[in-house]
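Protein chains in written order, with the working numbering: chain H, 78 to 692; chain B, 38 to 234.
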């Protein structure tokens, strides 16, 4: 049995933040869940995927976040309690349905998780998705620890159902990936089927309908604000004259800081757990009991600006500051030390920080950037393309493990903005320059948002080569399935969609399917594509070795070694492939047999045939 | 309750996330308030993996510059790289076995001699426990048990409010049966090594 199905109210467990959210949903009677995976949200649907195999919970990995939200909308409007999870940039993809779903609303409670990523641990930007609450008019809840991640998730479903509005649950990477104590509550039964009551003049968003719905949304906004006034995690803590407003993980830094600084009796904290719509009454009460205010919020000065506006509305003129005080910046994440120092500075408290050790004399340390794994087929594909095209071609890339190909010596990524941008930006590059364009996209990312770009490329007669790196899984986020995957090894039956049929269906005439670990044949296909006058697609197919191993699909292969009698130290292996299984012992290249998985790519490119399988 | 801030650093694949999680579970079983933080994602591809375990009277899940009570480094360069987390009173426990990053192989950096690195750490930090964790893991026949060696050394150092008995019970409950015997042996080797230093 999955540990989150433990039916023991009152039991304490150490849960990952994302597990706590999943548990909270189950305690709310979650019956339907969808997602597109994305760090730091991925462990939430991972729980649902496994739990759906043991219970009546319906769960699916949808093709992208827009699809996930629309699938979820169908379920929620039919009365099922529904959760849709995504990373912050996923909400951009889902923003179109989100804006109008806010108008027509839902029947069964619906919670949308947006997992923001301050510091960009694994994202292309650090946008602040609190703006989405303001843009859509939807209520937003922000937990501060694992217990609240569970409890607020559960409460979010009730709130959603009461307001008949989806509720946004916003987390940040730090919260998603902490483990902390969670006291379990009661699990609620799953409702496998709902019922959709037709009401086209509410649910069909034509202008005449939406004019009414927008008014309805504003009414719900007022109801939500009334809820926020009395919400248990919107709390004034303390009654001192120094005011600190905070939310999310920063609440922990603030509460530790005031206890470390010994100023608990001088401070009033306003903790914003229900952070949109803002409870004006509570905020007024808070502003009236303090002399000055510091807003401690990561990323944008959103509460800071809102509080200034609210103070103005009530004629309150005390200083309200946030960004720019001490080290409080719009960039990256906060940490306990910087919050402590900034609070000390703002309220003019003498404070001497612990001295970090003197780091002088430490030599420059070699970098350890994340890297493609030993035997990763992406490395082989990059090698083949580079050998054929040389250094001059432009390589738009996309989002996945293969983005790591940006690092030298592979250096095969030149442009990236978002999921799917490899294909569409190639259209622009190939028209706007005289250079050859070879772009790279992963299989999952192609299904997510590469297809429309490819149709555009064919229709508008663009000329470039698209390489689809088909490793049979969504590798970067933890090996989730996608529409092109054989899902049987994962224990579920889903219909597999053939990438080559799909690509041909988009109108591509020149389609090659290669096995990248066969270097010569792959290079031949790349050459043929280079010579083709139009759009070529190369599907480079080889299972992700980590996924293959985890699902028992790995082929047994012997590791390779460098025959020292044959090696003449050309170092093509290390300079062009840079597999992490290779290392230098003195001036001699060697292969670590514990890391080598026997992909044999280096053996095929060695000019002396000096790399051989171990006996 | 006294606060303990423990930082674990290592390289993807060395198992430091499991070590920090097990310490968190052991603390929870003793009723000690605890929060563990991890960084997932990119780090899994051979990059640096950092985690933290904060016990006692503290809510923040991360450790700022200079504020670690204990730094447990699974790899000597990574211990040195994370030294900014330490102050003069910090206890540093480090594996001495090097795992050079691939950047060294492709000529983008040099891997400093281990002795030099240990001397530097010892010159800056009052209390250092250094051990060849990989050799101990090899000795018990399970190279993947490095994390158990390091956990053993942490408990053996007496710097956290978790006793060996509790830690071993947690290891028994939460690690794979097939590796239990070697895991416990590895834990003991790390524990004894720290006790002697």
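Glycine included, every Cβ here is placed at the ideal spot set by N, Cα and C.
Around the beta carbon of residue 509(H), a 10 Å sphere encloses fewer than 16 other beta carbons of the protein chains shown; the residue is thus reported as exposed. Interface criterion met: the Cβ of residue 332(H) is under 9 Å from a Cβ in chain B. Listed in chain order, the non-local C-beta contacts of residue 455(H) below 6 Å within the same chain comprise 449, 479, 546, local neighbours out to five positions each way being set aside. Secondary structure at residue 217(H): strand, using DSSP grouped into helix, strand and coil. For residue 48(B), the nearest CB of chain H lies under 9 Å from its own CB, placing it at the interface with that chain. It is roughly 26 Å from the alpha-carbon of residue 207(H) to the alpha-carbon of residue 367(H).
Secondary structure of residue 169(H) (DSSP, three-state): helix. Residue ranges of uninterrupted alpha helix (DSSP H) with 4 or more members, entirely inside the stretch 39-73 of chain B and ordered along the chain, are 53-66. In summary, the residues of the stretch 124-136 of chain B whose CB is separated from some CB of chain H by less than 8 Å are 124, 125, 127, in the order they occur in the chain. Put simply, the CB of residue 126(H) is far from chain B, with every gap to its CB atoms at 9 Å or more. In the three-state DSSP reduction, residue 600(H) falls in the helix class (H, G or I).
For the stretch 91-119 of chain B, the beta-carbon criterion of a distance under 8 Å to any beta-carbon of chain H is satisfied by 94, 95, 96, 97, 98, 99, 100, 101, 102, 103, 104, 114, 115, 117, 118. At a cut-off of 9 Å between beta carbons, residue 210(B) makes no contact with chain H. DSSP, read as helix, strand or coil, puts residue 667(H) in strand. The beta carbon of residue 647(H) does not come within 9 Å of any beta carbon belonging to chain B, so the residue lies off that interface. Shown here for residue 88(H): same chain residues with a beta carbon closer than 7 Å to its own, the five before and five after excluded, namely 261 in chain order. Only residues of its own chain outside the window of five on either side were considered, and among them 113, 140, 141, 496, 497 have a CB closer than 7 Å to the CB of residue 525(H), listed in chain order. A residue is called buried once 16 or more other Cβ atoms fall within 10 Å of its Cβ, and residue 83(H), having fewer, is exposed.
Our two residues, residue 283(H) and residue 289(H), have alpha carbons roughly 10 Å apart in a direct line. Residues of the stretch 661-687 of chain H with a C-beta less than 7 Å from any C-beta of chain B: 661, listed in chain order. Fewer than three Cβ pairs drawn from the stretch 549-565 of chain H and the stretch 427-438 of chain H lie within less than 8 Å of each other, which leaves the two stretches out of contact. Residue pairing by DSSP places residue 110(H) opposite 136(H), 160(H) in a beta bridge. Among the CB atoms of chain B, none fall inside 9 Å of the CB of residue 590(H).
Within chain B, 101 have C-beta atoms less than 8 Å from the C-beta of residue 415(H), given in sequence order. Residue 220(H) is positioned such that its CB atom lies no closer than 9 Å to that of residue 242(H). The C-beta of residue 365(H) has fewer than 16 other C-beta atoms within 10 Å across all chains shown, which makes the residue exposed.
For chain H, none of the residues of the stretch 182-194 of chain B brings a beta carbon within less than 7 Å of one of its beta carbons. By the neighbour-count criterion, in which a residue is buried when 16 or more other Cβ atoms sit within 10 angstroms of its Cβ, residue 641(H) is exposed. Within the DSSP bridge table, the entry for residue 260(H) names 89(H) as partners. Excluding five sequence positions before and after residue 70(B), none of the CB atoms of its chain fall closer than 6 Å to its own CB. Each residue's CA atom was taken as its position, placing residue 518(H) and residue 219(B) some 43 Å apart. Residues of the stretch 420-435 of chain H with a Cβ closer than 9 Å to any Cβ of chain B, in chain order: 430, 431, 432, 433, 434, 435. Residue burial is scored here from C-beta neighbours: residue 119(H) has at least 16 other C-beta atoms within 10 angstroms and is therefore classed as buried.
DSSP, read as helix, strand or coil, puts residue 476(H) in coil. Boundaries of the beta strand (DSSP E) around residue 312(H): 311-314.
Think of a sphere of 8 Å around the beta carbon of residue 91(H): the chain B residues whose beta carbon falls inside it are 58, 61, 62, 65, 71, 73, in chain order.
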